[in-house]
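Under our numbering, the residue at position 72 of the first sequence is numbered 65, and the numbers go up by one with no gaps. Structure record follows, encoded as structure tokens.
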Amino acid sequence: MRRSRAFIPTIKEAPSDATLASHKFLVRGGFINTQGAGLYNFLPLGKIVLEKIRAIVKEELDQAGCLEVQLSFVTPIGLWERSGRSNSMGKEMLRIKDRHDNEFVLSPTNEEAMVELVKNRVTSYKDLPLNLYQINTKFRDEARPRYGLLRGREFLMKDGYSFHSSQEDMIREFELMEATYKKIFTRLGLDFRVVQADSGAIGGEGSKEFHVLANSGEDTLVICEACDYGANIETIFDEEEVQALNENSYEELQLKKLDKRCSCGGNLSFKKGIEVGHIFQLGTKYSQALEAYFNDENGRAKPFEMATFGIGVSRLIAAVIEQNHDENGCKWTKETAPFAVNILLSNVKDKAQVALGEELYEKLKALRVEVMLDDTKERFGFKMKDAELIGFTYTVIIGKELENGLVQIYDRKTTQNSSVRVDEIYAKLVELLKS
RNA sequence: CGGGGUGUAGCUCAGUAUGGUUAGAGUACCUGGUUUGGGACCAGGGGGCCGAAGGUUCGAGUCCUUUCACCCCGACCA
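Structural data, given as structure tokens:
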């Protein structure tokens, strides 16, 4: 893509309400813009990143045998009345009426719809297990949306639901999904932890959350420094203690912390996390409530054993930035960067610079490398600041050193410049992109 | 949902206390020129129903009423 033809409205000043790095840089970098409270538009750059994350999620789930579907976003109120959630979810569900005065809900989640879909279509144990998922818009009318993409009202979420003939098989799938989620977050380049979460009536290890470790996270976790044990503090401490921890007044809880040394003997410590995934053993809660049965080997009707799996796709965009940025802007991870290479022409009036830039641009495009050619008339400093803000993995600087047969590669992660001879730049880039 | 606050140019904000020429600055944008390795400089220019509706007044960005939107703290958040 040529920068001169792109729609990337970067701005120097952050919106006044943005407190988090991800919110500031995503708006300043022209990835998203605010449409209303908790509502965001995705501009070309934001859309590219969103689709990259979506693709990775889909690829890994499909590898694990999950099947993608897409349920309607607008759902009749009756669906929610049958499960009782029309009342229990209250104002979080946005209700609308059509021209006939019939009431509808913008889906905040899809357990009911998914059970209805499977009910009476899957009727035999022979057709189980089944794991269906979708990556679709959700709407939750939060009392107080904030933190940019981290807590919006409309957001993109992957929600999956599995159906089984036995609890053992459901637990097998649950473990498979835990492993799959780890693959997904690892591919995205995130530093994350799997922690035990509050599992309510189900008990045991029926609920696990995936948290990206970042100081701006809304949840507090206890994690072991030696093994991979971790838990949301909601599962360990009572309400008052959770409150104290969330207010960062850790001191008086240090004693308790020592008492609760990890079973492996390692030290436990507190960390902040952003919840980006949640897997949950549902059992027969929804299948029973919605009378969704299958016939077992003996021809007896039994409710499906179910589990549910969620990933906050649009929230992940913000999580990547919360964990990977500096004072100048975004540092996308390898798999999330909207463009791998940015070719910066220091002075577009210099014909030699333009010629080399164009040549390199065409060669990289031929290799299907995601490459941006900054062919705008701006000055060097302006273009560098823009490149850092947007967060291209590598920026090739074609400038005054060209006279000496040199160009520079700026590595966004390390912020280091290194000189490369012009006749070696292409090979060098190919090598960098491979690793 | 409780408490507090803000709506004026694309963005960040003055101006409102005490009503009074043609509503301002910075930045962004357009034109011309200079400049070209870290968000340049000079000159000129376009852009506002001062959130909306009603009211008081000779006169309202400023006062009154209503309303909408947005933000902050808290509660809530499978």
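Glycine included, every Cβ here is placed at the ideal spot set by N, Cα and C. Nothing here was measured: the structure is a model prediction, and the numbers come from that model.
**Message:** Measuring alpha carbon to alpha carbon, tell me which residue in Asn113, Thr369, Met150 is nearest Pro101.
**Reply:** With respect to the C-alpha of Pro101, the residue from Asn113, Thr369, Met150 having the closest C-alpha is Met150.
**Val226 vs Ser262 beta-carbon contact at 8 Å** = It is worth fixing the name first, because residue 226 is Ile in this sequence and not Val. In this structure, Ser262 does not lie closer than 8 Å to Ile226 by Cβ.
**Prompt:** From what residue to what residue does the beta strand (DSSP E) around Lys295 run?
**Reply:** Its beta strand (DSSP E) spans residues 294 to 296.
**Request:** Give the DSSP-derived three-state secondary structure of Pro37 in the structure shown.
**Result:** Helix.
**Message:** Do Leu99 and Phe132 count as a contact pair if the criterion is CB distance below 8 Å?
**Reply:** Closer than 8 Å, so yes.
**Prompt:** In chain order, which beta strand (DSSP E) runs of at least 3 residues are fully inside the stretch 339 to 370?
**Reply:** For secondary structure counted as the beta strand (DSSP E) over 3 or more consecutive residues, the stretch 339 to 370 holds these complete runs in sequence order: 364 to 367.
**Same chain, Cβ closer than 7 Å to Ile390, five either side skipped, listed in chain order** = So the qualifying residues of the chain are Leu337, Ser339, Val400, Gln401, Tyr403.
**Helix, strand or coil at Ile4 [DSSP, three-state]** = The answer is coil: DSSP assigns Ile4 none of H, G, I, E or B.
**Request:** Can you have a look at Ile177 and say buried or exposed, based on whether 16 or more other CB atoms are within 10 angstroms of its CB?
**Result:** Counting Cβ neighbours within 10 Å, Ile177 comes out buried, since at least 16 surround it.
**Request:** Taking all protein chains shown into account, decide if Asn95 is buried (16 or more other Cβ within 10 angstroms of its Cβ) or exposed.
**Result:** When all chains shown are included, Asn95 counts as exposed.
**Prompt:** Going along the chain, which residues of its own chain have a beta-carbon closer than 7 Å to the beta-carbon of Glu218, five neighbours each way excluded?
**Reply:** So the list reads Gly259, Asn260, Ser262, once near-sequence residues are dropped.
**Asked** Since Glu298 and Met163 are thought to touch, with beta carbons under 8 Å apart, how far apart are those beta carbons, to the nearest angstrom?
**Response** So it is a contact: roughly 4 Å between Cβ atoms.
**Request:** Spell out a yes or no on whether the stretch 154 to 163 and the stretch 119 to 126 are touching, meaning 3 or more CB-CB pairs, one atom from each, closer than 8 Å.
**Result:** Proximity of the stretch 154 to 163 to the stretch 119 to 126 meets the contact definition, three or more beta-carbon pairs being nearer than 8 Å.
**Item:** Ordered list of alpha helix (DSSP H) runs contained in the stretch 292 to 329, each at least 4 residues
**Value:** As summarised for the stretch 292 to 329, the continuous alpha helix (DSSP H) elements at least 4 residues long and confined to that stretch are 306 to 316, given in chain order.
**Request:** With a floor of 3 residues, list each beta strand (DSSP E) that falls wholly inside the stretch 150 to 224, ordered by position along the chain.
**Result:** Within the stretch 150 to 224, the runs of beta strand (DSSP E) that reach at least 3 residues and sit entirely inside it are, in chain order, 185 to 189, 200 to 206, 212 to 217.
**Message:** I'd like the list of long-range same chain contacts for Ser76, defined as Cβ closer than 8 Å, with 5 residues on each side in sequence excluded.
**Reply:** Cβ within range, chain order: Glu104, Glu105, Tyr279, Ala282, Leu283.
**Message:** Please tell me whether Leu54 and Gly182 are closer than 8 Å, where the distance is taken between their beta carbons.
**Reply:** Taking the C-beta atoms as reference points, Gly182 is found no nearer than 8 Å to Leu54.
**Message:** Just to confirm the assignment, what range does the beta strand (DSSP E) spanning Tyr403 have?
**Reply:** Element bounds for Tyr403: 399 to 404.
**Message:** Looking at Phe302: is its Cβ nearer than 8 Å to the Cβ of Gly199?
**Reply:** No, the Cβ-Cβ distance between Phe302 and Gly199 is not below 8 Å.
**Request:** Less than 8 Å between the CB atoms is what I'm expecting for Arg431 and Leu366, so what's the real figure, rounded?
**Result:** What the structure shows of the chain is the stretch from -6 to 428, and residue 431 is not part of that stretch, so it cannot be assessed.
**Ser65 versus Met107, Ser412, Gly29, Gln56, residue with shortest Cα-Cα distance** = Taking only the C-alpha atoms, the option nearest Ser65 is Met107.
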